[in-house]
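J.: Structure in structure tokens, see below.
Residue numbers (full-length UniProt numbering): 1 to 317.
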């Protein structure tokens with residue numbers, strides 16, 4: 001597949017985490033290389049045009065990864081905002097469309113879950129504006145909104161006020177013996193006069209100029225790239241899978257790479273959706289069987305236990 005031919009790029013596959021995955025990812029990759037591609041050397045460092053698929057770690061971190069390669073930056077760019085996904089033990093269909101008008105769309109089970117412009121959702125382009133490198137905050141700029149009141153002076157003897165004092169309401173116990181128990185000392189309590197370290201009152205700073213804001217200018221290095229969509233500009237010829245998992249047991253199926261979303265959806269109807277309902281019914285039947293087996297294995301109810309106790313004692317119990 002070559003992204004430079006002005007056609008859509010559509011990647012679609014189904015994935016099933018039948019092991020009830022706790023943490024990990026199952027990504028499909030589009031790979032360049034042509035006839036020289038060596039599948040035996042495929043690994044995490046192998047260059048790719050697209051990396052796409054569900055990722056989960058824990059109960060809250062669940063998303064669909066979309067990573068596109070930028071030839072201009074020679075970098076792999078992760079989508080900025082999270083994309084939702086499905087994370088149960090059933091099969092789910094993931095579809096990514098990258099269009100020559102530099103837009104994209106993600107589908108899960110044929111339902112659109114995210115769409116947008118490549119320039120907005122990925123860092124393909126430099127920022128349109130930047131902070132003026134020739135400007136800096138003046139050395140005499142006052143950015144403290146408040147200052148200590150110069151007329152607020154620490155009272156004399158303030159630092160001599162103890163944090164605790166003997167409890168004035170405490171009385172020596174009547175049975176206290178100074179010879180045996182030693183000299184009686186009242187317990188210590190917080191001193192209501194103690195205010196902590198002294199701090200002067202704060203007042204508005206008459207010299208305050210407000211928060212300094214760096215002047216913004218147009219970025220001289222900004223230039224629009226109408227080839228952002230060309231993630232496979234040199235041609236993607238192979239498909240690979242990258243797995244980061246604690247548990248094994250992930251299944252992949254229904255793989256198609258095409259230039260037509262309609263063709264991909266038709267392929268899904270003939271493959272994924274033909275077995276989807278049957279898979280769900282089989283799952284529900286298994287869960288129902290487990291539920292009944294667990295109920296059958298449960299101990300008798302507490303009421304039955306009490307009846308057994310009543311039978312074992314006389315009426316006076």
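Yeah, the Cβ is synthetic: ideal placement off N, Cα and C, and Gly gets one too.
#1: Going straight from the alpha carbon of residue 125 to that of residue 150, what length do you get?
#2: Shortest alpha-carbon distance to residue 23 belongs to which of 174, 127, 88?
#3: Just verifying my parser: in three-state terms, what is the DSSP assignment at residue 90?
#4: Alpha carbon to alpha carbon, how far is residue 296 from residue 290?
#5: Our contact map puts residue 321 next to residue 170 with C-beta atoms below 8 Å; I'd like the distance itself, whole angstroms only.
#6: Is residue 189 buried or exposed, if buried means 16 or more other CB atoms sit within 10 Å of its CB?
#7: If I measure Cβ to Cβ from residue 79 and keep anything under 7 Å in the same chain, skipping five residues before and after, which residues do I get?
#8: So who's on the other strand from residue 17, going by DSSP bridges?
#9: With a threshold of 16 other CB atoms inside 10 Å of the CB of residue 36, please say whether the residue is buried or exposed.
#10: Spell out a yes or no on whether the segment 6–14 and the segment 248–256 are touching, meaning 3 or more CB-CB pairs, one atom from each, closer than 8 Å.
#11: Residues in its own chain within less than 6 Å of residue 109 by CB, not counting five upstream and five downstream?
#12: Quick one, are the C-beta atoms of residue 199 and residue 140 less than 9 Å apart?
#13: Using 9 Å as the threshold, is the C-beta distance between residue 238 and residue 39 below it?
#14: Under 8 Å Cβ to Cβ from residue 324, same chain only, skipping five residues before and after it: list those, please.
#15: Measuring CB atoms only, is the segment 221–233 touching the segment 48–57, in the sense that at least three cross pairs come out at less than 8 Å?
#16: Between the Cα of residue 164 and the Cα atoms of 156, 194, 145, which residue gives the shortest distance?
#17: Between which two residues does the beta strand (DSSP E) holding residue 114 run?
#18: With DSSP run on the structure shown, which of helix, strand or coil describes residue 261?
#19: Within a Cβ cutoff of 6 Å, which residues of the same chain sit near residue 76, ignoring the five residues on either side of it in sequence?
#20: Does any heavy atom of the ligand NAP sit closer than 8 Å to the C-beta of residue 253?
#21: Could you tell me the distance, in whole angstroms, from the CA atom of residue 267 to the CA atom of residue 97?
#22: According to DSSP, residue 98 sits in a beta bridge with which residue or residues?
#23: Do the CB positions of residue 84 and residue 114 come within less than 9 Å of each other?
#24: Compare the beta carbon distance of residue 243 and residue 250 with 9 Å and say whether it is the shorter of the two.
#25: Is the Cβ-Cβ distance between residue 72 and residue 226 less than 9 Å?
#26: Which residue comes first and which comes last in the beta strand (DSSP E) that contains residue 217?
#27: Have a look at residue 319 and residue 100 and give me their C-alpha separation to the nearest angstrom.
T.: In terms of the structure at hand:
#1: Sequence index remark: in the chain shown, residue 125 carries index 125 (1-based). Sequence index remark: in the chain shown, residue 150 carries index 150 (1-based). The alpha-carbon atoms of residue 125 and residue 150 are separated by roughly 52 Å.
#2: Residue numbering aside, residue 23 sits at position 23 when the chain shown is read from its first letter. When each option's Cα is compared against that of residue 23, the closest is 88.
#3: The sequence position of residue 90 within the chain shown is 90, counting from 1. Of the three classes helix, strand and coil, the one that applies to residue 90 here is coil, per DSSP.
#4: Numbered from its first residue, the chain shown carries residue 296 at position 296. Numbered from its first residue, the chain shown carries residue 290 at position 290. Each residue's Cα considered, the two are about 10 Å apart.
#5: Missing from the structure shown is residue 321; the chain here goes from 1 to 317 and no further.
#6: Translated into the one-based positions of the chain shown, residue 189 becomes position 189. Residue 189 should be labelled exposed.
#7: Mapped onto the chain shown, residue 79 falls at position 79. So the qualifying residues of the chain are 66, 121, 122.
#8: What you label residue 17 is simply residue 17 of the chain shown in a count that begins at 1. The partner list for residue 17 (beta bridge, DSSP) reads 250.
#9: Translated into positions along the chain shown, residue 36 becomes position 36. The residue in question, residue 36, is exposed, as its Cβ has fewer than 16 Cβ neighbours within 10 Å.
#10: yes
#11: If you number the chain shown from 1, residue 109 lands on position 109. So the qualifying residues of the chain are 92, 93.
#12: Here residue 199 corresponds to residue number 199 of the chain shown, with the count starting at 1. Here residue 140 corresponds to residue number 140 of the chain shown, with the count starting at 1. Result no, Cβ atoms of residue 199 and residue 140 do not sit closer than 9 Å.
#13: Along the chain shown, read from residue 1 onward, the residue named residue 238 stands at position 238. Along the chain shown, read from residue 1 onward, the residue named residue 39 stands at position 39. Yes, the Cβ-Cβ distance between residue 238 and residue 39 is below 9 Å.
#14: Outside the shown range of the chain, which is 1 to 317, sits residue 324, and nothing can be said about it.
#15: yes
#16: Position 164 of the chain shown, counted from the start, is the residue given in the question as residue 164. It is 194 whose Cα lies nearest to the Cα of residue 164.
#17: Working through the chain shown from its first residue, we reach residue 114 at position 114. Looking at the DSSP string, the run of the beta strand (DSSP E) that includes residue 114 is 111–117.
#18: Within the chain shown, numbered from 1, the residue matching residue 261 stands at position 261. It is helical.
#19: As a working mapping, residue 76 is identified with position 76 in the chain shown. Correct list, in chain order: 67, 69.
#20: No copy of the ligand NAP appears in this structure; indeed no ligand is present at all.
#21: Residue numbering aside, residue 267 sits at position 267 when the chain shown is read from its first letter. Residue numbering aside, residue 97 sits at position 97 when the chain shown is read from its first letter. Cα to Cα, residue 267 sits roughly 15 Å from residue 97.
#22: Indexing the chain shown from 1 puts residue 98 at position 98. Paired residue(s): 9, 104.
#23: Translated into positions along the chain shown, residue 84 becomes position 84. Translated into positions along the chain shown, residue 114 becomes position 114. Yes, these two residues count as a Cβ contact at 9 Å.
#24: Counting from 1 along the chain shown, the entry for residue 243 is found at position 243. Counting from 1 along the chain shown, the entry for residue 250 is found at position 250. Cβ atoms of residue 243 and residue 250: closer than 9 Å.
#25: Position 72 of the chain shown, counting from 1, holds the residue named residue 72. Position 226 of the chain shown, counting from 1, holds the residue named residue 226. No, they are not a contact pair.
#26: The sequence position of residue 217 within the chain shown is 217, counting from 1. 216–218 is the extent of the beta strand (DSSP E) around residue 217.
#27: Any property of residue 319 remains undetermined from this structure, which presents the chain solely from 1 to 317.
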